[in-house]
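There are 2 protein chains.
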Amino acid sequence: MTDQPYHHGKLREALLERAVETIEEAGVEGLSLRQLARDVNVSHGAPAKHFRDKQALIDAVALAGFESMNRLIQGAAQSGEDLRGRFVSVGKAYVDFAVEHPALLTVMYSTKHHPDSSDELRNTGVQGIHLAQAMIAEAQEAGVLAAGNPETLAMVCFVSLHGTALLAAGGQLDGNSVEDVITATTDTLWAGMAAGVPAAQLPPTVQLH
Amino acid sequence: MTDQPYHHGKLREALLERAVETIEEAGVEGLSLRQLARDVNVSHGAPAKHFRDKQALIDAVALAGFESMNRLIQGAAQSGEDLRGRFVSVGKAYVDFAVEHPALLTVMYSTKHHPDSSDELRNTGVQGIHLAQAMIAEAQEAGVLAAGNPETLAMVCFVSLHGTALLAAGGQLDGNSVEDVITATTDTLWAGMAAGVPAAQLPPTVQLH
DNA sequence: TATCTAATGTTGTCGCTGTCTACATGGTAG
DNA sequence: CTACCATGTAGACAGCGACAACATTAGATA
Chain A
275 MTDQPYHHGK LREALLERAV ETIEEAGVEG LSLRQLARDV NVSHGAPAKH FRDKQALIDA
335 VALAGFESMN RLIQGAAQSG EDLRGRFVSV GKAYVDFAVE HPALLTVMYS TKHHPDSSDE
395 LRNTGVQGIH LAQAMIAEAQ EAGVLAAGNP ETLAMVCFVS LHGTALLAAG GQLDGNSVED
455 VITATTDTLW AGMAAGVPAA QLPPTVQLH
Chain B
275 MTDQPYHHGK LREALLERAV ETIEEAGVEG LSLRQLARDV NVSHGAPAKH FRDKQALIDA
335 VALAGFESMN RLIQGAAQSG EDLRGRFVSV GKAYVDFAVE HPALLTVMYS TKHHPDSSDE
395 LRNTGVQGIH LAQAMIAEAQ EAGVLAAGNP ETLAMVCFVS LHGTALLAAG GQLDGNSVED
455 VITATTDTLW AGMAAGVPAA QLPPTVQLH
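Top line first, the protein sequences correspond to chains A and B. Using the working numbering, the letters of the first sequence correspond one by one to residues 275 to 483. Using the working numbering, the letters of the second sequence correspond one by one to residues 275 to 483.
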């Protein structure tokens with residue numbers, strides 16, 4: 275048929291796209307550089323011209339994952355409801371992404387990244403946290419939530435949603451439906467932040483903040 | 275020196291022990307059956323007599339991890355404080371285990387398990403959730419926590435602590451200290467469960483439960 | 001006690017992998 | 001036009017997991 279030109283032209287994009295597909299179908303350990311090259315009709319050495327090694331390719335996949343996830347979350351944060359509704363929407367968006375791309379999420383949060391791309395990865399990865407932080411601070415100023423360190427509270431929310439996302443993605447919710455758990459989680463978090471923590475329960479140092 | 279006897283005697287235990295060490299030092303992908311055999315002074319084919327597969331070995335490691343984690347958690351649940359103190363203790367125990375054995379925790383919750391060992395693994399893995407469920411039900415009966423489905427609430431707590439554990443283990447708390455996050459998480463969860471969720475915020479179906 | 005069998009360990013082989021090297025091709029800047 | 005350099009090819013290498021054939025030995029059975 276149409277014999278391939280010597281140069282592929284968009285090899286890097288093709289490899290990245292196919293890598294994401296493979297990871298979503300078979301997980302990271304189902305990803306092979308040589309098989310990937312075969313899939314794109316290219317010799318086994320070609321990928322090395324675009325990704326120093328396998329980990330570099332995986333890092334690029336993780337970065338792409340964060341970028342598309344951030345788009346979803348940003349969109350959910352702008353749905354025109356009240357503060358609490360937006361908070362719940364963001365949580366649902368995060369968990370939905372996890373359920374639809376479980377293997378990708380695992381790659382995104384697996385901790386071995388090359389120092390090079392690490393900075394970009396890290397910055398892209400924490401955008402969701404900063405978004406939560408802004409929403410919480412806004413709700414506190416509006417008097418909807420009790421006082422408290424927005425940075426820490428944002429991390430609490432992120433951490434909880436992250437756990438929900440990972441376990442939902444892994445089908446490890448022990449019989450509970452994803453919908454129930456995400457609803458109960460956002461409800462409980464919001465109620466806890468609205469009520470605040472009685473001073474008597476806090477260790478002394480925290481009161482000094 | 276003392277030449278090895280033809281039969282090792284306790285090869286299965288030795289392999290398992292060394293596998294845990296290797297995983298904690300280098301992660302799962304740093305684990306090689308052949309290197310493992312070398313470490314224990316045994317031929318490269320020997321491990322196959324005790325573990326059908328590499329995955330079977332990993333499953334056994336995961337199971338051992340759950341067992342030792344459950345011991346820690348059970349102990350923390352029996353510290354003689356009030357209900358809230360025991361709740362916090364369990365959370366701290368879970369996160370402490372995660373921080374001390376990050377790679378092991380990853381293996382424990384990675385979802386590809388052989389159907390054979392899957393049942394035992396699953397049962398051992400959910401013991402922590404059942405413990406949380408019992409504590410919450412007890413606190414509800416004592417009137418310390420508001421009413422609500424203990425099963426769902428236990429999952430909310432587990433999910434949140436799990437997220438804290440994973441991100442703390444991965445050093446991904448974005449500048450927050452592990453201590454701060456785990457304290458804030460248990461505080462917020464407890465406050466949320468104590469306050470309960472106003473009926474107006476619940477979707478209609480939930481009120482029918 | 002003698003024997004037989006199954007469990008355990010060894011050795012060799014297979015195809016696959018990631019990485020490295022040397023070489024081929026061709027787009028593009030001077 | 002030419003020279004350069006990014007891109008792609010081809011071959012080699014060691015390490016891997018899995019499998020099969022064979023060796024050794026412990027323990028049950030007679």
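Where is the CB? At the ideal position from N, CA and C, for every residue including glycine. No experiment lies behind these values; they were computed from the predicted model shown.
When C-beta atoms of the stretch 435-442 of chain A are compared with those of the stretch 425-438 of chain B, three or more pairs fall below 8 Å, so the two segments count as touching.
By the neighbour-count criterion, in which 16 or more other beta carbons inside 10 Å mark a residue as buried, A/Glu453 falls on the exposed side. The contact set of A/Asp448 on chain B, defined by CB atoms closer than 7 Å, consists of Val400, Ile403, Met429 in chain order. B/Ala413 does not reach chain A, its nearest Cβ partner there being about 14 Å away, counting only Cβ pairs nearer than 7 Å. CA-to-CA, the gap between B/Glu303 and A/Gly399 works out to about 23 Å. At a C-beta separation below 7 Å, A/Asp390 has no neighbours in chain B, since its nearest C-beta there lies roughly 18 Å away. Of all residues in the stretch 353-377 of chain A, none has a C-beta nearer than 7 Å to a C-beta of chain B. Under the 8 Å Cβ criterion, the stretch 389-403 of chain B counts as touching the stretch 423-434 of chain B, having at least three qualifying pairs. If you check each beta-carbon in the stretch 448-467 of chain A against every beta-carbon of chain B, the ones closer than 7 Å belong to Asp448, Asn450, Asp454, Val455, Ala458, Thr459, Asp461, Thr462, Leu463, Ala465, Gly466, Met467. Annotation: the continuous alpha helix (DSSP H) that includes A/Ala300 extends over 285-300. Within 8 Å of the CB of B/Ala469, the CB atoms of chain A belong to Ala465, Gly466, Ala468, Ala469, in sequence order along the chain.
Distance between B/Ala330 and B/His388, taken at the CA atoms: about 7 Å. With 16 or more other CB atoms across the displayed protein chains lying within 10 angstroms of its CB, B/Arg360 is buried. For B/Ser306, the nearest beta carbon of chain A is not closer than 8 Å to its own beta carbon.
The beta carbon of A/His318 sits closer than 6 Å to those of Arg308, Ala311, all from its chain and outside the five residues before and after it, given in chain order. Selection A/Phe325, A/Glu298, A/Ser353, A/Arg286 evaluated against A/Asp390 yields A/Phe325 as nearest (Cα-Cα).
Residues of chain A with a Cβ closer than 9 Å to the Cβ of B/Glu299 do not exist; the shortest Cβ-Cβ separation is about 13 Å. Listed along chain B is no residue with a C-beta nearer than 7 Å to that of A/Val381; the closest approach is about 12 Å. Its chain contains His375, Ala377, Leu378 as the residues whose beta carbon lies nearer than 7 Å to that of B/Glu298, once the 5 sequence neighbours on both sides are disregarded; these appear in chain order. With a 10 Å radius around the Cβ and a threshold of 16 neighbouring Cβ atoms, A/Glu415 comes out exposed. Per DSSP, the continuous alpha helix (DSSP H) segment holding B/His436 begins and ends at 424-443. Listed along chain A, the residues sitting closer than 8 Å to B/His436 by beta-carbon distance are Gly437, Leu440, Leu441. Neighbours of A/Gly444 in chain B, taken as residues whose beta carbon is under 9 Å from its own, are Tyr383, Ser384, Thr385 in chain order. Contact annotation for B/Thr296 against chain A: no contact, minimum CB-CB distance about 15 Å [criterion: below 7 Å]. Close partners of A/Glu425 in chain B (Cβ separation under 9 Å): Asp448, Gly449, Asn450.
Closest by C-alpha distance to B/Lys284, out of B/Lys323, B/Glu295, B/Ala300, B/Val362, is B/Lys323.
Cβ neighbours of B/Asp333 within its own chain (closer than 7 Å, five residues either side excluded): His387, His388, Ser391, Leu395. For A/Pro376, the uninterrupted alpha helix (DSSP H) segment begins and ends at 376-383. Minimum Cα-Cα distance from B/Ala421 among the listed residues A/Ala458, A/Ala413, A/Asn450 corresponds to A/Ala458. The C-alpha of B/Tyr383 is placed about 8 Å away from the C-alpha of B/Ala336. For A/Gln446, no alpha helix (DSSP H) run applies, since DSSP gives it neither H nor E. For A/Ala443, the CB contacts under 7 Å within the same chain, skipping 5 residues up- and downstream, are Ala372, Val373, Pro376, Leu379 in chain order. In chain order, Ser434, Gly437, Thr438, Leu441, Val455, Thr459 make up the part of chain A whose C-beta sits under 7 Å from the C-beta of B/Val433. Of A/Ala428, A/Thr385, A/Ala413, the smallest CA-CA separation from B/Gly445 is found for A/Thr385.
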